[in-house]
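Q:
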Amino acid sequence: MAKIILTHEVSGLGSAGDVVDVKNGYARNFLFPRGFATPWSRGAEKQIESIKKARAARDLASLEDAQALAAKLTSTTLTVPVKSGAEGRLFGTVRAEDVAKAVEASGLGFIDKRRVELTQRIKTTGVYQAVVRLHEEVNANVEFEVVPA
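In this text, residue positions in the sequence shown follow our numbering: the first is 19, and each later residue adds one.
Okay, structure coming up:
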């Protein structure tokens, strides 16, 4: 097992500044190359404090904003245009990036695609739901309609 420091939020693992134990291969092959984590060391503990302070300052300022955006997202149905065939089957799937772009196109603001979690693979047109993690304490259930482009 490898002890690492997360530099970004990783779904199912933790948020920036957390010290976690993961398998060596997961750390070496996924987290380190993508910049999501750094190896833990005694000297890196100073880095943890600076990451946590920056996150706390950002979170306190954005908690009210996150709650307001969550209220807007839950009350709005987004439209995601995707290339599709004659019977509604998509050429590919709807990704989290497509949902994030739909939020931005609707004028509600910018959402990072890594904060959008799709609960299922979307291969046909229709109405679906996704969860958007806006803050540690605030999640928004977003309803969106997949339509042919």
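Glycine residues also receive a C-beta, built at the ideal position from the N, C-alpha and C atoms.
1) What did DSSP end up calling Val-37 once you bin it into helix, strand or coil?
2) Compute the Euclidean distance between the alpha carbons of Arg-133 and Ala-86, then round it to the nearest angstrom.
3) Distance check for Ile-129 and Glu-122, CA to CA, integer angstroms please.
4) Identify which residue in Ala-104, Leu-81, Ser-80, Asp-116 has its Cα closest to the Cα of Thr-97.
5) Note down, in chain order, each residue of its chain lying with its Cβ closer than 8 angstroms to the Cβ of Ile-111, except the 5 sequence neighbours on either side.
6) Going straight from the alpha carbon of Ser-29 to that of Ala-167, what length do you get?
7) When DSSP builds the beta bridges, which residues end up paired with Lys-21?
8) My output table needs one value for Thr-95: the three-state DSSP class, helix, strand or coil.
9) How close, in whole Å, do the beta carbons of His-153 and Ser-80 come, if the pair is a contact with beta carbons under 8 angstroms?
10) Please report the distance separating the alpha-carbon of Glu-163 from that of Leu-126.
11) Measure the alpha-carbon distance for Ala-55 versus Thr-143 and round it to whole angstroms.
A: The short version:
1) Your numbering for residue 37 matches position 19 in the sequence shown. In the structure shown, Val-37 sits in a strand (DSSP, three-state: E or B).
2) Taking the first residue of the sequence shown as 1, we reach residue 133 at position 115. Taking the first residue of the sequence shown as 1, we reach residue 86 at position 68. Near 17 angstroms, if we compare the C-alpha coordinates of Ala-86 and Arg-133.
3) Locating residue 122 in the sequence shown gives position 104, where the first residue counts as 1. Locating residue 129 in the sequence shown gives position 111, where the first residue counts as 1. Approximately 7 angstroms, taken between the alpha carbons.
4) Residue mapping note: residue 97 aligns to position 79 of the sequence shown, counting from 1. The candidate whose alpha carbon is nearest that of Thr-97 is Asp-116.
5) Mapped onto the sequence shown, residue 111 falls at position 93. Sequence check: residue 111 is Thr here, not Ile. When the five nearest sequence neighbours on each side are left out, the beta carbons in the same chain lying within less than 8 angstroms of the beta carbon of Thr-111 are those of Arg-139, Ile-140, Lys-141, in order along the chain.
6) The residue you call residue 29 lines up with position 11 of the sequence shown. The residue you call residue 167 lines up with position 149 of the sequence shown. If you take the alpha carbons of Ser-29 and Ala-167, they lie about 31 angstroms apart.
7) Start at 1 with the first residue of the sequence shown, and residue 21 comes out as number 3. The partner list for Lys-21 (beta bridge, DSSP) reads Asp-39.
8) As a position in the sequence shown, residue 95 is number 77, starting the count at 1. Of the three classes helix, strand and coil, the one that applies to Thr-95 here is strand, per DSSP.
9) For this step, residue 153 is matched to residue 135 along the sequence shown. For this step, residue 80 is matched to residue 62 along the sequence shown. About 6 angstroms separates the two Cβ atoms, so the contact holds.
10) On the sequence shown, residue 163 is found 145 positions in, with the first residue counted as 1. On the sequence shown, residue 126 is found 108 positions in, with the first residue counted as 1. So the alpha carbons of these two residues sit roughly 16 angstroms apart.
11) For the purposes of this step, residue 55 is taken as the residue at position 37 of the sequence shown. For the purposes of this step, residue 143 is taken as the residue at position 125 of the sequence shown. Rounded to the nearest angstrom, the two C-alpha atoms are 37 angstroms apart.
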